[in-house]
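Here's the structure we're looking at; comments come further down.
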Ligand code: GLN
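In this note's numbering, the protein residues as written are 1474 to 2017.
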């Protein structure tokens, strides 16, 4: 039977709970255990798919087509375990299921209540499909004390009883602030937060204390005394130089050992952490550096491009170089050529990431033109591929009005709404006025690559599978015009209907992909396209 680790946060948000969960899972995995991490989000959206990246950061897409919290990206990047729809649930999803059942009459006669109906649904979610696992880590979003998270904490309390002693533990992540005027670290917020959690019936077994200053023994002892945990189980967590140094740091502070002890197990041999020491070595001792210009819309908030940023770092790890990302707001230079050049000339390569809507599109198209004409490596992801096609159509294909129907009606729809596509279950159909939530072409789809293409040599394969999240596609009616302009369709959906990859063979590195390769990149297994893109940037840096 799987054992459970429930992870909650206290005092403030943004303590890096997700990173802690991912690191702990990686450490347990390095000891040979099979792990899976799940995320409970207390908000009322059914999923984060319709939320603005400014509100919520990136939407992470799984192979099975779920739009999930970005923490699932950390989980995958740290453990290599592919996340599934069933690994992320929100209050909204739980309530919507319960209300659907109520309307169907499934509860006929009963009053539908938070306890037991909502808590039962949460428990079912936590325990579903866990037979092949040693540890399930369940992270509860938000902060203890939030009204919205109460049913989740209550479900944990019940589950801890039902699973039986020794089969679950609670890890609580808190903040120990440093008051510089007094020159002291303060443990009171931690004490209060633990008291709050305990008053809901959940006594933590391990405390992870985020702090900006080293936690003296005396303060550890104080926290242990007031919070009712062994002193060793008070784990200090200082800021790390890189997120990939976090597993090693937590191991150094004894996190994995204390977690196993809390389960009543005396840890034997040390975990094999060579994977992490190699990554940290590559990050701390780079042999060069490159600057990548990312021309996007949400550049003020880096969480909006979380996986992209990480995939670029992974490309750097693969090439042993430091990757400096220059975030460029596409709206700043809608169309003005000299401003485009001024922003992009310092960059060794240019990337236009995924996006929705017209805002900033002209600035992106101008950047792509710059990359094409100046022979600077260009990587277009999803929207970035679509804009590369519009750029080619306008400036090489003579189609002045080339546009996307995403921006409104157009006489030259180089990019148009996808109304049907093949899934494993058959044809999926969409209409122009349909729901926006959960209706894109989502998740893993295969693509066939042309054997002579640049991409097939990068992947070293003609068959790939990548994750998607889009509603529009490049219109194959324009294939001839675009190919005459040097933009080759080198990857297509297996039925030959949807363009998946375009490339310019006469350019040092110019590739556009309809999918999101950044979602599958890992620090210990950098994605081939990012590896190759950064390699091209390194070559470019030697030219200038
Ligand atoms: N807005 C475009 C579409 O829906 C691109 C989406 C994306 O970049 N993820 O097709």
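Backbone N, C-alpha and C fix where the C-beta goes; we use that ideal spot for every residue, glycine too.
Requested in this report: Decide if residue 1900 is buried, meaning its Cβ has at least 16 other Cβ atoms within 10 Å, or exposed.
Outcome: By 1-based counting over the chain shown, the position of residue 1900 is 427. Its Cβ having fewer than 16 others within 10 Å, residue 1900 is exposed.
Query raised in the report: Apart from the five residues just before and just after residue 1954, which ones in its own chain have a Cβ nearer than 7 Å to its Cβ?
Result: To locate residue 1954, count along the chain shown from 1; it is residue 481. 1866, 1870 and 1872, listed in sequence order.
Query raised in the report: Taking the Cβ atom as the reference point for each residue, do residue 1548 and residue 1556 lie within a distance shorter than 8 Å?
Result: On the chain shown, position 75 is the one that residue 1548 refers to. On the chain shown, position 83 is the one that residue 1556 refers to. Yes.
Report task. Could you check what DSSP says for residue 1811 in three-state terms: helix, strand or coil? Result -> Residue mapping note: residue 1811 aligns to position 338 of the chain shown, counting from 1. Reduced to three states, the DSSP call for residue 1811 is helix.
Query raised in the report: Would the beta-carbon of residue 1855 be found less than 7 Å away from any heavy atom of the ligand GLN?
Result: Position 382 of the chain shown, counting from 1, holds the residue named residue 1855. Of the heavy atoms belonging to the ligand GLN, at least one sits nearer than 7 Å to the Cβ of residue 1855.
**Report entry** Near the ligand GLN: residue 1881 beta-carbon under 7 Å from a heavy atom
**Finding:** Within the chain shown, numbered from 1, the residue matching residue 1881 stands at position 408. Residue side-chain check: residue 1881 keeps its Cβ at 7 Å or more from all non-hydrogen atoms of the ligand GLN.
Query - Buried/exposed call for residue 1859, threshold 16 Cβ in 10 Å - result: Locating residue 1859 in the chain shown gives position 386, where the first residue counts as 1. It is buried - the Cβ of residue 1859 has at least 16 other Cβ atoms within 10 Å.
Query - residue 1868 versus residue 1843: straight-line alpha-carbon distance, rounded - result: Here residue 1868 corresponds to residue number 395 of the chain shown, with the count starting at 1. Here residue 1843 corresponds to residue number 370 of the chain shown, with the count starting at 1. In a straight line, the C-alpha of residue 1868 is about 11 Å away from that of residue 1843.
Query raised in the report: Helix, strand or coil for residue 1851 per DSSP?
Result: On the chain shown, position 378 is the one that residue 1851 refers to. In this structure, residue 1851 counts as strand in the three-state DSSP scheme.
Query raised in the report: Can we count residue 1828 as close to the ligand GLN, meaning its CB is less than 7 Å from some heavy atom?
Result: Translated into the one-based positions of the chain shown, residue 1828 becomes position 355. Within the chosen limit of 7 Å, the ligand GLN reaches the beta carbon of residue 1828 through at least one heavy atom.
Requested in this report: Put residue 1800 into one of helix, strand or coil per three-state DSSP.
Outcome: For the purposes of this step, residue 1800 is identified with residue 327 of the chain shown, where counting begins at 1. It is a strand residue.
Query raised in the report: Is residue 1708 helix, strand or coil when you go by DSSP?
Result: Within the chain shown, the letter at position 235 stands for residue 1708. Of the three classes helix, strand and coil, the one that applies to residue 1708 here is strand, per DSSP.
Query raised in the report: Where does residue 1583 land, buried or exposed, given buried means 16+ other C-beta within 10 angstroms?
Result: By one-based count along the chain shown, residue 1583 stands at place 110. By the neighbour-count rule (16 or more Cβ atoms within 10 Å), residue 1583 is not buried but exposed.
Query raised in the report: Is residue 1956 helix, strand or coil by DSSP?
Result: Position 483 of the chain shown, counted from the first residue, corresponds to residue 1956. Three-state DSSP puts residue 1956 in a helix.
Query raised in the report: Got a sec: does the ligand GLN put a non-hydrogen atom nearer than 7 Å to the Cβ of residue 1529?
Result: Within the chain shown, numbered from 1, the residue matching residue 1529 stands at position 56. Not one heavy atom of the ligand GLN sits closer than 7 Å to the Cβ of residue 1529.
Query - Residue range of the unbroken alpha helix (DSSP H) whose run includes residue 1665 - result: By 1-based counting over the chain shown, the position of residue 1665 is 192. Start and end: 1661-1672.
Query raised in the report: If we ignore side chains and look at the alpha-carbon of each, how far apart do residue 1725 and residue 1711 end up?
Result: The residue you call residue 1725 lines up with position 252 of the chain shown. The residue you call residue 1711 lines up with position 238 of the chain shown. Going by C-alpha positions, residue 1725 is about 12 Å away from residue 1711.
Report task. Could you say if the segment 1825-1834 and the segment 1917-1934 meet the contact criterion of at least three C-beta pairs nearer than 8 Å? Result -> Contact fails between the segment 1825-1834 and the segment 1917-1934, because fewer than three Cβ pairs, one in each stretch, are under 8 Å apart.
Query raised in the report: Heavy atom of the ligand GLN less than 7 Å from the Cβ of residue 1942, yes or no?
Result: For this step, residue 1942 is matched to residue 469 along the chain shown. Yes, Cβ of residue 1942 sits closer than 7 Å to a heavy atom of the ligand GLN.
Requested in this report: Go ahead and pull the three-state DSSP assignment for residue 1511.
Outcome: Stepping through the chain shown from its first residue, residue 1511 is reached at position 38. In the three-state scheme derived from DSSP, where H, G and I count as helix and E and B as strand, residue 1511 is classed as strand.
Query raised in the report: Buried or exposed: residue 1934, going by 16 or more other Cβ atoms within 10 Å of its Cβ?
Result: Counted from its first residue, the chain shown places residue 1934 at position 461. With fewer than 16 other Cβ atoms within 10 Å, it is exposed.
Report task. Sort 1641, 1818, 1493 and 1742 by Cα distance to residue 1614 and report the nearest one. Result -> Residue 1614 sits at position 141 when you count from the first residue of the chain shown. Of the listed residues, the one whose Cα sits closest to residue 1614 is 1493.
**Report entry** Nonlocal neighbours in the same chain, by C-beta distance under 6 Å from residue 1673, ignoring five residues either side
**Finding:** As a first step, residue 1673 must be located in the chain shown, where it is residue number 200. Cβ contact annotation for residue 1673 (same chain, cutoff 6 Å, sequence separation greater than five): 1626, in chain order.
Query raised in the report: Under the criterion of a Cβ to heavy atom distance below 7 Å, does residue 1859 qualify as lining the ligand GLN?
Result: Your numbering for residue 1859 matches position 386 in the chain shown. It does: the Cβ of residue 1859 is within 7 Å (strictly closer) of some heavy atom of the ligand GLN.
Requested in this report: Tell me whether residue 1896 is buried or exposed, calling it buried when 16 or more other Cβ atoms sit within 10 Å of its Cβ.
Outcome: Here residue 1896 corresponds to residue number 423 of the chain shown, with the count starting at 1. By the neighbour-count rule (16 or more Cβ atoms within 10 Å), residue 1896 is not buried but exposed.
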